[in-house]
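Encoded as structure tokens, the structure appears first; notes follow it.
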Amino acid sequence: MIVGIDEVGRGCIAGPVCVAAVAWGCDLSGVADSKALSAARRTALADAIKRHSAAVGIGWASHEVVDQFGIVAALRQAAFQALARFEYIDKILLDGNHNYLEDPRAETIIGGDAKVPLISAASIIAKVARDNYMLAASRQFPGYGFEKHVGYLTKAHQLALQELGACAIHRRSFAPVKDLASVN
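Residue numbers (the working numbering): 522 to 705.
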């Protein structure tokens, strides 16, 4: 079985990282890099991918794991959770240029989320899952705008940090959070 993997949330300053793994035996038309799709199209495709894939796995690593062990270890942990869904894997197609899995079955593909439909499908699954997580976080931590920037450092997010301080899901090891005097 060939499995495509992609992650979402690596560059965020708040929230977890999410890694999705997808294998299937169906038509891949319509999938593209999740960043190139509207939210509505991503959601519709994520539902279709889940229904028609041979298997889909999702893994998470919290902001605490990122802070304690670093982003690469967090990605590895989340990827292993996602891959646990698969009984047998022949090859792993991994978006990017770094085999953070340290698995000889993994082939890294720069820009794979835009070039390889199987990785695109994983990109869509991970993006929808993490965006939904951050939407829920926006209700728990109002005022930060998580429903809009989903944890990435935007001007609005920076202003919210200056006004409110960091909340419970901010990554303390990431700038500018680590430079804040006030942490809620």
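Every residue gets a Cβ at the ideal spot worked out from N, C-alpha and C, and that includes glycine.
Alpha-carbon to alpha-carbon, ALA603 and GLY632: 20 Å
Meets three-Cβ-pair contact criterion under 8 Å: the stretch 658-665 and the stretch 571-591: no
Length of the line joining the Cα atoms of TYR673 and LEU639: 25 Å
Buried or exposed (CB count within 10 angstroms, at least 16 for buried), PRO537: buried
Euclidean distance between Cα positions of GLN679 and ILE690: 15 Å
Beta-carbon contacts of ASN653 that lie in its chain and below 7 Å, excluding the five residues immediately before and after: none
GLY591 to ARG597 span [Cα, whole Å]: 10 Å
Residue nearest to LYS612 in terms of C-alpha spacing, selected from ASN620, ALA600, GLU628: GLU628
Residue ranges of each beta strand (DSSP E) within the stretch 599-624, 3 or longer: 612-616
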